[in-house]
Every structure is written in C-alpha cells, then in structure tokens.
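Just below is one structure, and these are the notes that go with it.
Numbering (UniProt numbering), first residue to last: 1 to 353.
Laid out in structure tokens, this is it:
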C-alpha cells in the first residue's frame, strides 16, 4: 500500500486544527477595542495605560484561543511569539515618540538660513542665528577622532584575533573592556589634565582626542567579533598557497568582514557624535565660525544644543534652535549610517550561486 493511501486513511483526530493566518491581527484588533472600552469606562486618560491593557489582553487572548483550538503545545509557541511582538512594539513606542517630537519641534526654524549662518552677535535669547559654526566643528572634531580611533581600533582587533597570545593579549583585552565603560567626562578630564600640564588653551583637536578614546574600544570589540566570523578555511586555503599571513589578513580576512567592520565604526561614530561633556571641557564653544580645529575654541552640535537650553532663560527662540539642532544631529547620524551601508555593500566580496 502506498504512502499516499496510508495518509488518506489516517483518522481526522490526528490532524490538529490550526488558527487562520489572520487570527493574530483579529485578536490584536479585538484587544485594542476592548482596551479602549475599558479605558473610557474606567476614566483612564493616559494612552499608555490603554496600550498596556491592550498588550495584556492580546497575550492572554492569544493563549486562550490557541489553547482551545490548537492545544496547549501550540499555545505556548503562540504566546512566546506574542510576547516578542509586544516587547518589540513597547521598544518602538519611545523611539517613534522621540523622532516625532524632534521633527515636529525642529522644523520650525530648520531652513537654509539656519544651516548656513552662525550665531555671531545674536544673543541666545534672541531670534535668528544658525548652526553653521556648530556643523563645521562637529564634522572636524568627529572626523579627526575617526581618523585616530578607527585605524587604531581595527589594528588592535587584528592583533587580538590573528596574533594575540599570552599575557599581552589578555592585558589588552582587559583594558579594552575597562575602556568600554569609561564615562565620557573621564576621557575629557584626562585630556584636560594634559592641556593644563602644557598650559594649552581650549581647541577643537583636544575634543577629538577625547572622542577618539571613547571610540576605540567600540571599534575594537565590533571588529574583533567580525574577524572571528571569518571561516578559518579561508585563512588556511590562502596560507596553503604560500601567501604570507599579513597578505592573507589584508586580502582575504579584512575584505570578507569589511561590511561588519564598517558598521561597527559607524556605530562608534554615532556614539561620539552626541557626546557633550568632553566638548564642554576641552572645546568650550564659540558663537563665531572657526575652521581651524588646532587653534581656538570651536562649537559642536551637542554643545550648541546644551547651551541653547542652559542659557535660554525660557526663550522660545532658543528652544526652537535647540530642537532644530537636535534634528540636524539625528539626520547627520542617519546619513552616516546610510553611507556606511553603501560602502559595506560596495566593498563586500561578491559571492556566486
């Protein structure tokens, strides 16, 4: 007797019932409707409370309905999936709220004039002015920090993965772990102590040095993990052909992991781009344009945002400038990530079918 005939003769009791594919959406819609009814009936004014009630009803309703129709085993799988979706939506709420608030309040004064003019002689409480000087300062300071921190971080990770053995490698790993948790103000104080020793005035490059200190451990950790993902077979095949190890790393290992390395560097840049404490200690801020990061005080977007709030005295114009600068900083980080993804896709090794 063929397998098809045996399958056709199986009793219907062995075929478990399944909920339709649209059932999660129906349960979610019902949970939202019931939560709104409970919120209105109980006089709950907060939409957050309504959302929490809907989330609880969705998880409980999914479990109950799945237990009745599909059984307990499938219900446990359903409830795990429901908890994942609820956690994802809860994490998404503050992100969407932050972006929406920043865009809503930042577009009030965000225009070409705002992007191409500095504060100059405009007081913090007066309308007008712009962030051109802060954009120049941030680009120069973050760019110099990247030129310092990214190569050192990548080379350190290459040493730890490809060459690191013994006590030195363990010591480097330990100090990288310690540096990962260093507060930004500590890095700023370290550079500030060196400036005081040599009787130096605040300047932009000092902020870059502090930002590079914060950037290096992030680059080391991310690059190290990416290098570990490269299959050893690729290294062995290259070495078996007589290729030196340094050339294998340069031509095989790094190109294979370039996408992840680039992403890690961009995450490090995104972290240091919003740091305020080192810039406040070392750069001090400047209302005028200073294109030279090696001489004189400069401005930066995070410091500009802080100063507009701190020195505003309740001025609506200062608050609007702070929100517009915040939106510009978010757009700056977003553009960097898009560029990094493009570079990673362009430089990634081509694979055949």
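Note that beta-carbon positions come from the ideal geometry of N, C-alpha and C, so glycine has one too.
Please identify the residue among 155, 269, 278 whose C-alpha is closest to the C-alpha of residue 253. 155
So what does DSSP say about residue 22, is it helix, strand or coil? coil
Got a sec, what are the start and stop residues for the alpha helix (DSSP H) residue 85 sits in? 72–106
Among 284, 78, 97, 204, nearest to residue 292 - alpha-carbon criterion: 204
Residue 178 vs residue 221 beta-carbon contact at 8 angstroms: no
What does the Cβ neighbour count give for residue 198, buried or exposed, with the cut at 16 atoms within 10 Å? By the Cβ-count criterion, residue 198 is exposed, with fewer than 16 other Cβ atoms from all chains shown falling within 10 Å of its own Cβ.
DSSP beta-bridge partners for residue 141? Residue 141 is not bridged to any residue.
Who pairs with residue 298 in a beta bridge, going by DSSP? 284
Could you give the residue range of the alpha helix (DSSP H) that holds residue 44? No alpha helix (DSSP H) contains residue 44, which DSSP labels as neither H nor E.
Note down the Cα distance separating residue 30 from residue 97, rounded to an integer number of angstroms. 24 angstroms
DSSP state of residue 326, grouped into three classes? helix
Output needed for residue 82: all residues of its chain with C-beta closer than 8 angstroms, excluding positions within five of it in sequence on either side, in chain order. 24, 58, 59, 62, 63
Given 8 angstroms as the limit, is there contact between the region 120–139 and the region 239–256, that is, 3 or more CB pairs closer than that? no
Put residue 118 into one of helix, strand or coil per three-state DSSP. coil
Any chance the region 323–333 sits against the region 258–276, with 3 or more Cβ pairs inside 8 angstroms? Yes: the two stretches touch, three or more of their Cβ pairs being nearer than 8 angstroms.
Contact defined as beta carbons within less than 8 angstroms: I believe residue 188 pairs with residue 277. What is the distance between those atoms, to the nearest angstrom? 5 angstroms
Over what stretch of residues does the alpha helix (DSSP H) that includes residue 247 continue unbroken? Going by DSSP, residue 247 is part of the alpha helix (DSSP H) stretching over 245–248.
Collapsed DSSP secondary structure at residue 32 in the structure displayed: helix
Counting C-beta neighbours from all protein chains within 10 Å, is the total for residue 73 16 or more, i.e. buried, or is it exposed? In the assembly as shown, residue 73 is an exposed residue. Its beta-carbon has fewer than 16 other beta-carbons within 10 Å.
If you draw a straight line from the alpha carbon of residue 372 to that of residue 79, how long is it in whole angstroms? Lying outside 1 to 353, the shown extent of the chain, residue 372 is not represented and no answer is given.
Going by Cα to Cα distance, which pick from 264, 200, 223 is closest to residue 281? 200
Is the number of C-beta pairs between the region 226–237 and the region 96–116 that are closer than 8 angstroms three or more? no
Helix, strand or coil: which one does DSSP assign to residue 236? helix
Any contact between the region 255–272 and the region 339–347? By contact I mean 3 or more CB pairs, one from each, below 8 angstroms. yes
What does the alpha-carbon distance come out to for the pair residue 77 and residue 144? 50 angstroms
Rounded separation between residue 20 and residue 67 - CA only: 14 angstroms
Quick check: what's the CA-CA separation for residue 288 versus residue 132? 9 angstroms
Could you pull the start and end residues of the alpha helix (DSSP H) that residue 216 belongs to? 204–228
Starting from the C-beta of residue 28, find all residues in its chain whose C-beta is less than 6 angstroms away, skip the five residues before and the five after it, and write them out in chain order. 58
Could you check what DSSP says for residue 257 in three-state terms: helix, strand or coil? coil
Give a yes or no on whether the C-beta atoms belonging to residue 226 and residue 149 are separated by under 8 angstroms. no
From what residue to what residue does the alpha helix (DSSP H) around residue 167 run? 166–180 is the extent of the alpha helix (DSSP H) around residue 167.
Closest Cα partner of residue 17 within the set 51, 75, 48: 75
My output table needs one value for residue 337: the three-state DSSP class, helix, strand or coil. helix
For residue 53, which of 65, 71, 33 has the nearest alpha-carbon? 33
Ends of the alpha helix (DSSP H) at residue 190? Membership of residue 190 in the alpha helix (DSSP H) is indicated by the continuous run 184–197.
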